[in-house]
Amino acid sequence: MYANALMWGMLIIPWISLVLLKPASIRRFLPVSILGALLVTIVFEIAHAFHWWIIFDKAIIVPWGYITNTAYVYGFFMVGTLWIFKLAFHKFWLFILANIAVDGAFQFIMDPLFERAGFYRLENIAHWQLFLIMLGIALLLYGYQVWQESSVSRETKEEDDPYELKIFRREKAR
Numbered sequence: 000m001y002a003n004a005l006m007w008g009m010l011i012i013p014w015i016s017l018v019l020l021k022p023a024s025i026r027r028f029l030p031v032s033i034l035g036a037l038l039v040t041i042v043f044e045i046a047h048a049f050h051w052w053i054i055f056d057k058a059i060i061v062p063w064g065y066i067t068n069t070a071y072v073y074g075f076f077m078v079g080t081l082w083i084f085k086l087a088f089h090k091f092w093l094f095i096l097a098n099i100a101v102d103g104a105f106q107f108i109m110d111p112l113f114e115r116a117g118f119y120r121l122e123n124i125a126h127w128q129l130f131l132i133m134l135g136i137a138l139l140l141y142g143y144q145v146w147q148e149s150s151v152s153r154e155t156k157e158e159d160d161p162y163e164l165k166i167f168r169r170e171k172a173r
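Each residue of the sequence shown is one higher than the one before, counting from 0 in numbering that gives the first Met the number 0.
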């Protein structure tokens with residue numbers, strides 16, 4: 000019961016935190032968060048094939064959760080990615096430090112606690128290797144966001160939201 004509540008909390012509570020963000024920030028960074036969730040899901044698929052870890056029943060909250068930890072990927076990681084980009088994207092060194100801090104805390108503090116609690120067990124991979132994989136994903140995501148920012152239309156004025164869909168944009172009275 001406790002384990003199930005913890006997993007559902009890891010999935011839902013991060014999404015509630017988004018009420019603190021402006022909708023423009025969510026629209027700006029949601030694509031990179033979705034890409035991050037996709038990449039981490041692929042890592043989980045690879046991990047399943049190479050037996051990097053075993054996810055136990057108490058960590059499974061959806062029927063397909065024996066391969067991908069749904070609560071982590073689509074809750075904590077996806078929303079955490081959005082927050083890190085919102086708070087640190089403007090400076091690369093700050094972005095790297097934030098990712099080192101968050102990934103390090105998760106891999107070297109939280110992961111061992113979750114292992115001891117019996118949510119999963121690492122088999123053929125070490126915590127430092129997972130840390131490097133997550134840092135590599137962060138660098139890929141940063142590059143994607145830089146590319147996305149450069150491809151946003153420059154014809155919009157500063158007061159307009161460049162991430163707003165043009166079909167929903169209201170024409171200003173002249």
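Glycine included, every Cβ here is placed at the ideal spot set by N, Cα and C.
For I95, there is no enclosing beta strand (DSSP E); the residue is found in the alpha helix (DSSP H) stretching over 91 to 104. L121: not part of any alpha helix (DSSP H); member of the beta strand (DSSP E) spanning 119 to 121, first to last residue. For H47, the CB contacts under 7 Å within the same chain, skipping 5 residues up- and downstream, are I66 in chain order. Within its own chain, the residues whose Cβ lies closer than 6 Å to the Cβ of T80, once the five positions on either side in sequence are excluded, are S32, G35, listed in chain order.
For I66, the three-state secondary structure derived from DSSP is coil. In the DSSP assignment, W7 falls within the alpha helix (DSSP H) that extends over 1 to 15.
W82 counts as buried, since no fewer than 16 other beta carbons sit within 10 angstroms of its beta carbon. Nearest neighbour of I60 by Cα position, chosen from M6, R120, V18, S150, turns out to be M6.
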